[in-house]
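Scroll down for the structure; my scribbles are underneath it.
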Amino acid sequence: MAENLLQGLQSAANSTSQAGTLQYFEQLKNSEDGWKLCGDALVRNLYSDETVKFFCFQVLEHQIKTSHAAASPLNQCTARNILLTWLRNQCCSKTDDKNFLKNKAAQVFSLIFVRDYPEGWPTFFSDLLQCLQFGAQAVDMYLRILKAIDEEVVDRDVIRNQQDAERNMKIKDTIRDTCITDLVDSWYHILNTYENSLSSLTCLCLDVIGAYIEWIDIGLIANDRFISALLRYMSVEVLRESACDCIHEVIMKGMEPVAKRELVESLVSVLEKSGILQLQEDEDADFLAKVSKLMNAVGTQLLNSYSKLTKSGDTEAAAKCLHAAEEKMQYLFRFLSHDDDDVSQNVSGFGYAYLTVLKQIANPNEQQKANLRAILHVIINKMKYDESYNFDHEGEDEVMFMEYRKEMKILFDNIAQLDPDLVLVSVHNILNSTFGQLDGAKFMDVEIAVRVLYMVGEAMSMQQLYSDASKFSALQQMMSLFFETVVRYDRFFSSQGQHIPTVLIAFLDERGLRNPNCTVRSRCSYLFSRFIKSHKANMLNYAHDVLKRLQGLLVISAENGYQQLLSADDQLFLYESAGILIVASGAVPEKQLMYMKDLLSPIIEKFDSIVTKLMSETDDASSLVYAQQLYHLVAYASRASKAFPNQQALKASGCAPCFTEALPIFLRALHIPIHRDTIHSGVRQYLHRMIVCLGEEVLPFIPVAVSHLLEGCTARDIQEFIPLINQIISRFKTQIGPFLREVFMAIVNRIFIVLGKPADAKDAQAVKEKETLRRSYFLFVGAVVTNDVTGVLTSQTPQDLHQVLLTLIQGGVEFPDPVAQKISFNILRKLVELWGGSNGLNGFREFIYESIVPASFMAPMKSNFDMNDAQTILALQEIALTQKMILQKQGVEFIEFLQSKYLPTLQIAPGLIQEYISALQHADIKTFKNYIKVTCR
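Add 263 to the 1-based position in the sequence shown for the numbering used here, that's all there is to it.
In structure tokens:
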């Protein structure tokens, strides 16, 4: 081989040398005899450098995958002899190769195996077995090859075509018929030989046994010699986890239900008698998680057998399976309640399977009811926040707990369906206990009490809660314990509508909205709006009367004596309620329009007069009061429009003219030069609502609104403007395209003028505003990209477009803000999807390789890229998706760029580069994300 080119594999080699070496190996792959040259180098052990050996195996792999099946019998035989000779030499060698090289060799063996066995290489297994005499290195390679074969032939996670499936079935049948006994005997011999000397080999052998159990005769493993060995290993710290996994696979073996029960019972019996299941509370959590997984298999398999036997009509055998499963409930309770969530989660399947079975039993016995209570108690306790939960910086542990909580909620919901009375009583007891001593209660106890009360409303049907007298009585008591949670149960009035008038009167008189206490009035304004929203369908007979009673409270002037009853914020709820009542009145459109005019006309008249006063006011304090009044008046109109969820609803009501006429009047206020932030905030709010309610009718007003909203704006102004322009883009898409092309760079430039203004690094508020504005900018560009208006970008000058693209690279790399990084890479990925490939945007290919690819590696390399932060993990996922998208669009060109040009410049070892490339091409996002994490650290 070319010695000078092999120098490029050394870690100290420069990028040019590495690129030359990679190109050389590509030539070897594609040459007629390159694989023989590499095979000869392996057989003769010409090179001690493991990276060279790795690349040689890659060349052999390429030959086997692409050409071996069509090769001449002589070349096929040569390939087999190369591998077998290398294996024999390796077994006798005094030096041991690293795991990555041995795994690659095992993979190559498995590839030639599936192509040649049994016809081309009928002696494959006997050839392997003969090598075992050479000692530990031979055993290690033998086991690795067996694992690789299982992954190639059996692994159910790999999707295979019909031809491969038939081939694999033939291979398994041949192994079962000819040599499985020899393989099993070799495993037993390996266990006996190395159990006290080489734990790594013993564990690897157990992994192989566990993998093969699925498709071989269970009697070959479930016998005295193997089970006694596994039991011994369960007491050996370095072996017990592998032994536990192996027993787990024995239990999971597909079998007839009666035979399965007998097998499981016998295994559990010997585990119990040996004392292995008498675990201490301070036992190693990893081992406990394995045992928990094992007992989960025990429980689920027994219950699956019960279900199968029940369906077949064998009630006697089914009863034995259920009895056996219920005898194991002690393990379910022990592991489900364990402090470590991994231990608990591993046995949740047993709990779910048991609840599923109980649903099929018409009259559960007392023990089954007791089991149900115990499970409920455990899962409620397990859903509590732990003392260590970090609410300020939620990392991976916190994310995992929330996922675990969801799994516990599934169990809770199933128990509620099984025994609603049990759940109601239990929750009632928790509330009594918690709120009876609220002053001394811990946060997590109060939180879980509120949560389970809320969960009851989700887990039970309206019929259960509100129609059953006994359940309703318990519900009433709970509602009185915690009134704020009552909103979760507003469906009560849907089934008990006769109580609605009484509640409405209470809200409207001195007990509620006209109560002497301002706190009560304020809270009631909110609760009243919630009540009206929930029961708008039942307001037909009450709407007119309620609107009349509200008139005295819907005030907009300080002179009428009512101003002190409700604050402006409280009135927002009443205007929203009034709008909903107008629609709920069921009146004809003309009548609804009259109601709405009565509601909005005073607002519009007052607004017009205050604008005039404000324009001539010289006193700053008075002008601020006027500006705040303008804000509140526009806000009232906005809240009244909440009655209309979309354009069709407003049009059907006949009320659209009221809101359309108000729009130009409110926009007049944008000309006012003082107190801009207060006034603009109100107008923006109204525009948001009108985009939803008026649809295209609002389009003529957008240019003037946008131009005024952008004038002389601060960081906060522009930050609050971005959601509006994003909503406009999302709602109108191509309709707004021509206008957006004109103002796009003006908006971008305005943002960067604000961001460019110097700010005191010690001013936390200013720093935070800039960070939020920067995120808003990326959301703005993202709105353009995701709403089919990328023509807005391509219509800009090449220089402006390039500058915008560079800001996305900055967002992904330069700022220590994982949210901005996530958004930036999300946009870059979508641009690659739109503009990448052979028919993509002119010049974008170069931008991918010069900017996007380096950014996807530089970002995780930054010291502030915190892998313990949940948002950073999401940013890392976007980076992984971006690289996957580049591969999809650029294909082999991207792979070659990484191999020969970019990754060598990062001083990454060639072997690691190849692993990374393989993961990029074949691994799922979750796995590939970890490769990025490791490679960039």
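For every residue, glycine included, the Cβ atom is placed at its ideal position computed from N, Cα and C.
Measuring CA to CA, which of the options is closest to residue i?
{"i": "A847", "options": "E868, L810, H331, Q400", "result": "L810"}
{"i": "D470", "options": "L526, D403, Q1184", "result": "D403"}
{"i": "E959", "options": "T941, K914, N431", "result": "K914"}
{"i": "S505", "options": "L557, E477, S529, Q1146", "result": "L557"}
{"i": "T437", "options": "L464, A492, F376, G473", "result": "F376"}
{"i": "L844", "options": "L835, S830, M859, D833", "result": "M859"}
{"i": "I1142", "options": "E415, F1160, F1088", "result": "F1088"}
{"i": "E924", "options": "K905, N909, V897", "result": "V897"}
{"i": "T977", "options": "N989, A1022, M518", "result": "A1022"}
{"i": "F234", "options": "Y1179, L1183, K1196, D1187", "result": "No information on residue 234 is available, as it lies outside the stretch 264 to 1200 that the chain covers here."}
{"i": "V868", "options": "Q814, L621, D833, C921", "result": "The question names Val, but residue 868 is Glu in the sequence shown. It is C921."}
{"i": "M497", "options": "V531, M518, I481, M707", "result": "V531"}
{"i": "N780", "options": "Y805, R812, S830", "result": "S830"}
{"i": "E710", "options": "Y648, V719, S607, T1190", "result": "Y648"}
{"i": "F320", "options": "F372, C340, P336", "result": "F372"}
{"i": "P927", "options": "V1030, A968, Q892", "result": "A968"}
{"i": "W384", "options": "D360, A712, K357, P336", "result": "P336"}
{"i": "I412", "options": "A368, M723, L635, L893", "result": "A368"}
{"i": "K523", "options": "Y569, D303, G1103, A1029", "result": "Y569"}
{"i": "F1015", "options": "Q1028, K1025, T1035, P1001", "result": "T1035"}
{"i": "L776", "options": "S792, Q761, A1133, I981", "result": "S792"}
{"i": "L409", "options": "T1060, Q892, V561, L391", "result": "L391"}
{"i": "H807", "options": "V1197, D833, L887, A850", "result": "A850"}
{"i": "P908", "options": "G842, M723, S651", "result": "G842"}
{"i": "K536", "options": "D545, P1061, R495, C509", "result": "R495"}
{"i": "L862", "options": "R419, T875, R1013, A903", "result": "A903"}
{"i": "F388", "options": "G482, D448, V417", "result": "D448"}
{"i": "V1047", "options": "F1002, D602, P1061", "result": "F1002"}
{"i": "V874", "options": "H934, P865, M857", "result": "H934"}
Since residue i is in the alpha helix (DSSP H), which residue starts that stretch and which ends it?
{"i": "K1025", "result": "Per DSSP, K1025 belongs to no alpha helix (DSSP H) and is neither H nor E."}
{"i": "F613", "result": "611-622"}
{"i": "Y457", "result": "443-457"}
{"i": "H943", "result": "939-956"}
{"i": "E589", "result": "578-590"}
{"i": "N634", "result": "629-645"}
{"i": "I408", "result": "399-416"}
{"i": "Y1194", "result": "1188-1198"}
{"i": "Q393", "result": "387-394"}
{"i": "G562", "result": "548-575"}
{"i": "S537", "result": "No alpha helix (DSSP H) holds S537; DSSP gives it neither H nor E."}
{"i": "Y496", "result": "487-496"}
{"i": "C1211", "result": "Here the chain covers residues 264 to 1200 and nothing more, so residue 1211 does not appear."}
{"i": "S1058", "result": "Where S1058 is concerned, there is no enclosing alpha helix (DSSP H), given that its DSSP letter is neither H nor E."}
{"i": "I1010", "result": "1000-1019"}
{"i": "S625", "result": "The displayed chain sequence assigns Ala, not Ser, to residue 625. That residue, A625, is in no alpha helix (DSSP H); it is neither H nor E in DSSP."}
{"i": "G517", "result": "From DSSP, G517 is part of no alpha helix (DSSP H); its letter is neither H nor E."}
{"i": "T314", "result": "313-329"}
{"i": "D602", "result": "Counting along the chain, D602 falls outside any alpha helix (DSSP H), and DSSP gives it neither H nor E."}
Going by DSSP, what residues sit across from residue i in a beta bridge?
{"i": "D682", "result": "Looking at the DSSP assignment, D682 forms no beta bridge with any residue, so it has no partner."}
{"i": "G658", "result": "D1132"}
Please confirm if residue i has its CB atom under 8 Å from at least one CB of chain B.
{"i": "Q1062", "result": "Within the model displayed, chain B is absent; a lone protein chain is all it includes."}
List the whole-angstrom C-beta distance separating residue i from residue j, where the pair is believed to meet the contact cut-off of C-beta under 8 Å.
{"i": "L817", "j": "Y838", "result": "7 Å"}
{"i": "V641", "j": "F596", "result": "6 Å"}
{"i": "V715", "j": "V690", "result": "5 Å"}
{"i": "S1163", "j": "Q290", "result": "Not quite, the Cβ-Cβ distance comes to about 12 Å (not below 8 Å), so this is no contact."}
{"i": "R947", "j": "E983", "result": "6 Å"}
{"i": "K553", "j": "C507", "result": "4 Å"}
Does at least one heavy atom of the ligand COA sit under 7 Å from the Cβ of residue i?
{"i": "R636", "result": "No copy of the ligand COA appears in this structure; indeed no ligand is present at all."}
- Are the segment 692-703 and the segment 616-634 touching, with three or more C-beta to C-beta distances below 8 Å? no
- Touch check for the segment 1126-1134 and the segment 1159-1178: three-plus C-beta pairs under 8 Å? no
- Pairing CB atoms from the segment 483-499 with CB atoms from the segment 427-441, are three or more of them under 8 Å? no
- Task: Spell out a yes or no on whether the segment 1024-1044 and the segment 1055-1074 are touching, meaning 3 or more CB-CB pairs, one atom from each, closer than 8 Å.
- Result: yes
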